[in-house]
Amino acid sequence: MTEASLSTLAANNTKATTIDIGGTSISFTGNSTTPNTITYSVTGAKVDQAAFDKAVSTSGNDVDFTTAGYSVDGATGAVTKGVAPVYIDNNGALTTSDTVDFYLQDDGSVTNGSGKAVYKDADGKLTTDAETKAATTADPLKALDEAISSIDKFRSSLGAVQNRLDSAVTNLNNTTTNLSEAQSRIQDADYATEVSNMSKAQIIQQAGNSVLAKANQVPQQVLSLLQG
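The opening position of the sequence shown corresponds to residue 1 in the UniProt record's numbering, with each subsequent residue numbered one higher.
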């Protein structure tokens with residue numbers, strides 16, 4: 001480690017010192033024209049979550065992390081590459097593309113660009129994680145009892161509807177039977193017998209008319225005899 005001082009300034013009144021610690025380079029830059037101000041940069045350092053949160057929470061300072069062309073704004077958390085916003089694809093890699101391609105296979109499965117199967121999680125979002133994550137149930141027996149009770153109520157409702165449907169079907173069957181019997185009586189009538197009965201009725205009617213006519217003539221004949 002080299003001790004830095006501002007005793008030997010460059011022509012522009014600045015002095016720079018670099019410290020290398022385990023592959024991490026820390027550069028300090030001071031300017032004599034601006035007292036009590038030192039600018040430093042860190043290259044190759046790994047920052048954990050606690051250190052990141054502490055750096056961001058420091059009031060009055062802007063924290064920017066840059067790696068492989070990607071920049072993280074500590075104040076807003078925004079990640080950019082140049083001026084383009086950065087996203088995370090399904091494989092967990094950083095990308096500047098805001099679209100994801102999925103492929104429908106011949107067997108009906110859906111895969112991403114890497115060939116990994118794509119599933120839908122409980123929230124309806126697409127994921128490559130085959131495991132289903134759900135909140136644990138505090139009282140599973142109670143949940144099962146409620147589910148069974150709901151099923152029983154649903155079965156009761158279905159039973160009532162089924163009974164009404166059975167009654168309607170029975171009424172329709174009775175109506176169909178009565179119509180079939182009436183049609184059978186009409187179709188099975190003996191037309192020869194019925195014609196014979198009609199002829200007999202006509203003869204009887206004619207005989208009755210003849211007897212009635214003769215009966216009407218008897219009083220006239222009696223009156224003729226009395227007058228003679």
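Glycine included, C-beta positions come from ideal geometry on N, C-alpha and C.
query	result
Proximity below 8 Å, CB of residue 122 to CB of residue 109	no
Secondary structure of residue 127, DSSP reduced to three states	strand
Residue 94 beta carbon less than 8 Å from that of residue 100	no
Endpoints, the beta strand (DSSP E) within which residue 80 is located	79 to 81
Unbroken alpha helix (DSSP H) run spanning residue 197, endpoints	191 to 227
The alpha helix (DSSP H) enclosing residue 176, as first and last residue numbers	140 to 187
For residue 166 and residue 157, the rounded distance between their alpha carbons	14 Å
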